[in-house]
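Colleague: Here it is, the structure in full.
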Amino acid sequence: MGIDIELTGRLKPKLKPKKAIEAIVQWFTNADDIRLAGPVASGEDEHGVAIIQVPLFPNCDPLSIQEDPRGITLSARTSQVGPGYHEFICDVARRMGKQLEITWCNPLDIEGNEIAGDDTGFFESGDRVALERAMLRWLSVTCNSCIAQVGQHGSETLEFKLCMG
């Protein structure tokens, strides 16, 4: 488990989700101040849902944007890189929302209740200290889990891989 951000984007009334996805691809393609780590991949999943994958950092899961019953959904795992990347994703979402008239809100759970879309609360609060604390808590739990695994095996050699995502 890592630290994620997932936001639901409500679109202006006449803009359909597939058209919004196309506009977002163009937005990233034309953004002079966003350096992509590779090409933007767009297409549809096995259910015909439009989806794009935007690589914003090398060797990191891409930012994903797809059609959603309420408009579109933006999601990213940010713990792979850290608080600066998380802040960057939030900034990209805000700028994109402003320029493409997308209103970001929290996603809904299966019962239709709104749930926190940002594991750190940063998107809503803008509190960088709280963001860093959330990342440090996650890293602490991850490291303590690794230490516990090593402790259970005593002096025998133990190999394991740590996934930061």
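With the numbering used here applied, the sequence shown corresponds to residues 7 to 171, in that order. We put the beta carbon where it would ideally sit given N, CA and C, even for glycine.
Is the number of C-beta pairs between the stretch 138-145 and the stretch 110-130 that are closer than 8 Å three or more?
Modeller: Yes, the stretch 138-145 touches the stretch 110-130.
Colleague: Can you list, in chain order, the residues of its chain whose CB lies under 8 Å from that of residue 121, leaving out five sequence neighbours each side?
Modeller: The answer, listed in chain order, is 112, 113, 114 and 115.
Colleague: If contact is defined by three or more beta carbon pairs under 8 Å, each pair taking one atom from either stretch, is the stretch 10-30 in contact with the stretch 93-104?
Modeller: Touching, yes, given that three or more Cβ pairs across the two stretches are closer than 8 Å.
Colleague: How would you call residue 83, buried or exposed, if buried means at least 16 neighbouring beta carbons within 10 angstroms?
Modeller: Result: buried.
Colleague: Going by Cα to Cα distance, which pick from 26, 57 and 32 is closest to residue 81?
Modeller: Per the Cα distances, 57.
Colleague: Since residue 31 and residue 55 are thought to touch, with beta carbons under 8 Å apart, how far apart are those beta carbons, to the nearest angstrom?
Modeller: At roughly 15 Å, the Cβ-Cβ gap does not stay under 8 Å, so residue 31 and residue 55 are not in contact.
Colleague: From this set, 106, 52 and 59, which residue's C-alpha is nearest residue 77's C-alpha?
Modeller: Checked all of 106, 52 and 59; the closest Cα to residue 77 is 106.
Colleague: Specify the secondary structure class of residue 143 as computed by DSSP and reduced to three states.
Modeller: Here residue 143 sits in helix by DSSP.
Colleague: Helix or strand or just coil, what does DSSP make of residue 35?
Modeller: If DSSP states are grouped into helix, strand and coil, residue 35 belongs with the helices.
Colleague: State the DSSP-derived secondary structure class of residue 76, mapped to helix, strand or coil.
Modeller: In the structure shown, residue 76 sits in coil (DSSP, three-state: anything other than H, G, I, E or B).
Colleague: Give the secondary structure of residue 97 by DSSP, where H, G and I count as helix, E and B as strand, and everything else as coil.
Modeller: DSSP places residue 97 in helix when its eight states are reduced to three.
Colleague: Could you say which of 17, 60 and 136 lies nearest to residue 49 if we only look at CA atoms?
Modeller: Nearest of 17, 60 and 136 to residue 49, Cα basis: 60.
Colleague: I need the boundaries of the alpha helix (DSSP H) containing residue 48, first residue and last residue.
Modeller: No alpha helix (DSSP H) holds residue 48; the beta strand (DSSP E) holding it covers 47-50.
Colleague: According to DSSP, is residue 116 helix, strand or coil?
Modeller: Residue 116: coil per DSSP, three-state reduction.
Colleague: For residue 35, does the count of other Cβ atoms within 10 angstroms reach 16, so buried, or fall short, so exposed?
Modeller: Exposed is the call here.
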